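Undergrad: Below is the structure I would like to discuss, written out as structure tokens.
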Amino acid sequence: MVISKSSYYLMDTYLDNRIEELEVDQIPPVIGCLISKKNGISIATFEIFNNAIKQFLHKDNENGDSFELDLIPMFTSALKLYSEALNVRDLPRIEINGSNIKLHIIFYFEKFTVTFFLNPSTDFERLENPVNDYLHNFFEEFMFDLCDVNKISSNEFIDSLEKLGWYWLLELNNSYISSQ
């Protein structure tokens, strides 16, 4: 994977600015994503920079409440289980739209959940093909490792996945921005 100058420019734009001062149109299309098992156990976090998801979620938070990022996969798992209890069949995704952030949740291979954190104006349909291609290849390549408790508890393994994810997010954001 080639990281272009615009990738570094994109990253520097967010690192050089205080998150609180960014307007919605300055937020990157894809902030990050959480990969978890179907039961809500977190596996990996892909972010455009360290703690990007938390920082964007805390942006303009008037009560300053903190939270654990690991609770989000549990919440999405509960949504999926609740939809199954309601007999909602073949639910491939859920989208939650807010004025400050958009969540796009994909249930993958009946074993995994991927929760994307997006700029509220991001049109996920434009990202759907590259995201599906990447996730399909990712899960195909790492399926055995992701099901191995010893592997997913290895910091070295998770760090390598998160570095791959970081490169991918930079390219995904660049291609989204350049195609506008």
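The number in the working numbering is simply the position in the sequence shown, starting from 1, with 296 added.
Backbone N, C-alpha and C fix where the C-beta goes; we use that ideal spot for every residue, glycine too.
Everything numeric in this text was worked out from a predicted model, so none of it was measured.
1. Does the count of Cβ pairs from the segment 330–338 and the segment 366–378 closer than 8 Å reach three?
2. From Val384 to Lys333, what does the alpha carbon distance come to, in whole angstroms?
3. Within a Cβ cutoff of 6 Å, which residues of the same chain sit near Asn396, ignoring the five residues on either side of it in sequence?
4. Just to confirm before moving on: does the CB-CB distance between Ile327 and Ala348 stay below 7 Å?
5. Near Pro416, which residues of its chain fall below 7 Å by C-beta distance, leaving aside the five closest residues on each side in sequence?
6. Please specify which runs of the alpha helix (DSSP H), each continuous and at least 4 residues long, are wholly inside the segment 362–428, giving them in chain order.
7. Under 6 Å from any heavy atom of the ligand MN, does the C-beta of Ile339 make it?
8. Are there 16 or more other CB atoms within 10 angstroms of the CB of Phe434, so buried, or fewer, so exposed?
9. Just grab the DSSP bridge partners of Ile331 for me.
10. Answer with yes or no whether the minimum CB distance from Arg389 to chain B is below 7 Å.
11. For Glu424, count neighbouring Cβ atoms within 10 angstroms of its own Cβ and tell me buried if that reaches 16, exposed if not.
12. What are the complete alpha helix (DSSP H) segments, minimum 4 residues, inside the segment 422–464?
TA: Straight from the coordinates:
1. At 8 Å Cβ cutoff, the stretches touch.
2. 20 Å
3. Excluding sequence positions up to five before and after Asn396, its CB lies less than 6 Å from no other CB in the same chain.
4. The answer is yes: Cβ separation under 7 Å.
5. When the five nearest sequence neighbours on each side are left out, the beta carbons in the same chain lying within less than 7 Å of the beta carbon of Pro416 are those of Val320, Asn393, Gly394, Ser395, Asn396, Ile397, Lys398, in order along the chain.
6. 367–381
7. The ligand MN is not among the ligands present in this structure, which contains no ligands whatsoever.
8. buried
9. Ala340, Val410
10. As a matter of chain content, chain B is missing from the structure shown, which is built from one protein chain.
11. exposed
12. 445–448
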